[in-house]
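Asks:
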Amino acid sequence: MSCAAGPRVRAIATLPLALTSCIGAHVYAGELAQAATLLDELNAVAEATRTPIAAYGALLLAAWRGLADDAVKLIDTAEAEMLRRGKGFGLTITGDTRALLYNSLGRYGEAREAATRAKDNPPVMGVEPGLVLSELVKAAARSGEPDEAADALRRLAETTQAAGTDWALGVEARCRALVSDDWAAETHYREAIDRLGRTSIRGELTRARLLYGEWLRRQNRRADSQVQLRAAHDAFSAMGMEAFADRTAGELLATGESVRMRSAEAPSQLTAQEAQIARLAREGLSNAEIAARLSISRRTVEWHLSNIFTKLRITARRQLRT
């Protein structure tokens, strides 16, 4: 009995790590809906096995989604827990996701502060120092700290050159463009788009298009700017990266182009588990009954219903029927 149970126990123990890794892969690929579905599965596994899980996948997803209030609360909570437990590698994740979020919102001073704190922490879950440093380059360059940006780029290049991948070198080229004179910046932006375009890292590619479009607008090349910004806005909107999409929309408006805003009547996509809970609630099951049916806690059902109400823009359970 114990021999047979051993492999199953080990498999269950490694499942949260595997799911978290998959969440990260989907987020970097710009597949936020798939990542959210896996996050639901991860939470369900954690509840069923009473296994505590790190919030790394949830943090990464929240930062790229760019829903500021929710993301900041999640990051604050995780950071406090990492500090309490003395997990320096966990602070790399919270610092990187905080810097990413604030850069997406254009809050560069706060992004710079977060990345500065995180850059010397140990790497974890694929968030090597290079990713934190890339956020620092952006934040420092936009905060009027060119020397700090250049120093972060120098450290970043040590990592990216050693890696030698299109992802690493594409991010380096994008950062190099931020600290370059006008005559050289365009070459670096084009290289960043070319290299990142060969990868599946859609979020970083689209950020390169946004930055290139911003640069073109400042060069008074309005038509060229609109091409890059329109492509970036469409991609960010399709991926559900709301803060980046809103920033890109602002840049497009500044070029004189009208922007099709997200429809107030088009609800955000429900994850698989949210859809299941919504269906059961619509059928008249109570929160306790839904929890028992899905082997999750009543509190988790309440949390999902809160998300469902927000996404569907409803305020009462009875509205699920319509």
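Numbering (this note's numbering), first residue to last: 56 to 377. Cβ atoms here follow ideal geometry from the backbone N, Cα and C, with glycine treated the same way.
1. Just the C-alpha distance for aspartate 175 and glycine 150, rounded to the nearest angstrom, thanks.
2. Check the C-beta distance from alanine 247 over to alanine 223 and give it rounded, since I have them as a contact under 8 Å.
3. Rounded to a whole number of angstroms, what is the C-alpha to C-alpha distance between lysine 193 and tyrosine 157?
4. Between the alpha carbons of alanine 99 and valine 356, how many angstroms are there, rounded?
5. In angstroms, rounded to a whole number, what distance separates the CA positions of alanine 90 and cysteine 77?
6. Within a Cβ cutoff of 6 Å, which residues of the same chain sit near alanine 290, ignoring the five residues on either side of it in sequence?
7. Note down, in chain order, each residue of its chain lying with its Cβ closer than 7 Å to the Cβ of glycine 181, except the 5 sequence neighbours on either side.
8. Can arginine 277 and threonine 303 be called in contact, C-beta distance under 8 Å?
9. When DSSP labels each residue in this structure, what does isoleucine 345 get in the three-state scheme?
10. So what's glycine 181 in DSSP terms, helix, strand or just coil?
11. Can you give the Cα-Cα distance for threonine 215 and arginine 105, rounded to whole angstroms?
12. Would DSSP call glutamate 338 helix, strand or coil?
13. Quick check: tyrosine 267 and glutamine 283, are their CB atoms within less than 8 Å of each other?
14. Exposed or buried, asparagine 275, counting other C-beta atoms within 10 Å across all chains shown (16 or more means buried)?
15. Helix, strand or coil: which one does DSSP assign to glycine 121?
16. Of all the options Ile108, Glu203, Leu265, which has the alpha carbon lying nearest to the alpha carbon of glycine 305?
17. Measure the Cβ-Cβ separation of alanine 117 and isoleucine 108 and say whether it is below 8 Å.
18. Apply the 10 Å Cβ neighbour rule to threonine 377 and answer buried if 16 or more other Cβ atoms are within range, or exposed otherwise.
19. Within the segment 202 to 290, note down every full alpha helix (DSSP H) run reaching 4 residues or more, in order along the chain.
20. Based on Cα-Cα distance, which residue from Asp95, Ile148, Pro201, Gly199 lies nearest to glycine 326?
21. For alanine 330, I'd like the list of residues in its chain whose CB is within less than 7 Å of its CB, leaving aside the five on either flank, ordered along the chain.
22. Go ahead and label glutamine 328 buried or exposed: buried means 16 or more other beta carbons lie within 10 angstroms of its beta carbon, across all protein chains shown.
23. Under 8 Å, do asparagine 228 and arginine 250 count as touching if we go by C-beta distance?
24. If you follow the alpha helix (DSSP H) that isoleucine 363 is part of, which residue opens it and which one closes it?
Replies: For this structure:
1. Residue numbering aside, residue 175 sits at position 120 when the sequence shown is read from its first letter. Residue numbering aside, residue 150 sits at position 95 when the sequence shown is read from its first letter. Aspartate 175 and glycine 150: Cα-Cα distance of roughly 10 Å.
2. For the purposes of this step, residue 247 is identified with residue 192 of the sequence shown, where counting begins at 1. For the purposes of this step, residue 223 is identified with residue 168 of the sequence shown, where counting begins at 1. Not really, about 11 Å apart at Cβ, beyond 8 Å.
3. Sequence index remark: in the sequence shown, residue 193 carries index 138 (1-based). Sequence index remark: in the sequence shown, residue 157 carries index 102 (1-based). Computed Cα separation, rounded: 11 Å.
4. Here residue 99 corresponds to residue number 44 of the sequence shown, with the count starting at 1. Here residue 356 corresponds to residue number 301 of the sequence shown, with the count starting at 1. Approximately 11 Å, taken between the alpha carbons.
5. Counting from 1 along the sequence shown, the entry for residue 90 is found at position 35. Counting from 1 along the sequence shown, the entry for residue 77 is found at position 22. Answer to the nearest angstrom: the Cα atoms are 8 Å apart.
6. The residue given as residue 290 occupies position 235 in the sequence shown. Spatial neighbours of alanine 290 in its own chain (CB-CB distance under 6 Å, excluding positions within 5 residues in sequence) are listed in chain order as Thr261.
7. As a working note, residue 181 is residue 126 in the sequence shown. Low per-residue confidence applies at glycine 181: pLDDT is 46, beneath 50, and the placement is therefore not dependable enough to give any value.
8. Residue 277 sits at position 222 when you count from the first residue of the sequence shown. Residue 303 sits at position 248 when you count from the first residue of the sequence shown. No, they are not a contact pair.
9. Here residue 345 is taken as the residue at index 290 of the sequence shown, counted from 1. It is helical.
10. As a first step, residue 181 is located in the sequence shown; it is residue number 126 there, counting from the start. Because glycine 181 carries a pLDDT of 46, less than 50, the predicted location of this residue cannot be relied on, and no value is offered for it.
11. Here residue 215 is taken as the residue at index 160 of the sequence shown, counted from 1. Here residue 105 is taken as the residue at index 50 of the sequence shown, counted from 1. The straight-line gap from Cα to Cα measures roughly 39 Å.
12. The residue given as residue 338 occupies position 283 in the sequence shown. Note: glutamate 338 maps to coil in three-state DSSP.
13. As a position in the sequence shown, residue 267 is number 212, starting the count at 1. As a position in the sequence shown, residue 283 is number 228, starting the count at 1. Contact: yes.
14. Against the sequence shown, residue 275 aligns to sequence position 220. Asparagine 275 should be labelled exposed.
15. The count along the sequence shown starts at 1 and reaches residue 121 at position 66. Coil, per DSSP.
16. Residue numbering aside, residue 305 sits at position 250 when the sequence shown is read from its first letter. Ranking Ile108, Glu203, Leu265 by Cα distance to glycine 305 puts Leu265 first.
17. By one-based count along the sequence shown, residue 117 stands at place 62. By one-based count along the sequence shown, residue 108 stands at place 53. Going by C-beta atoms, alanine 117 is not nearer than 8 Å to isoleucine 108.
18. As a first step, residue 377 is located in the sequence shown; it is residue number 322 there, counting from the start. With fewer than 16 Cβ atoms within 10 Å of its Cβ, threonine 377 is classed as exposed.
19. The segment 202 to 290 contains these whole alpha helix (DSSP H) runs: 221 to 233, 237 to 251, 257 to 273.
20. The residue given as residue 326 occupies position 271 in the sequence shown. Note that residue 326 corresponds to threonine in the displayed sequence, not to glycine. Taking only the C-alpha atoms, the option nearest threonine 326 is Asp95.
21. Within the sequence shown, the letter at position 275 stands for residue 330. Cβ within range, chain order: n/a, list empty.
22. The residue labelled residue 328 in the question sits at position 273 within the sequence shown. Buried is the call here.
23. Translated into the one-based positions of the sequence shown, residue 228 becomes position 173. Translated into the one-based positions of the sequence shown, residue 250 becomes position 195. Sequence check: residue 228 is alanine here, not asparagine. Closer than 8 Å, so yes.
24. Taking the sequence shown and counting its residues from 1, the one referred to as residue 363 is at position 308. 353 to 367 is the extent of the alpha helix (DSSP H) around isoleucine 363.
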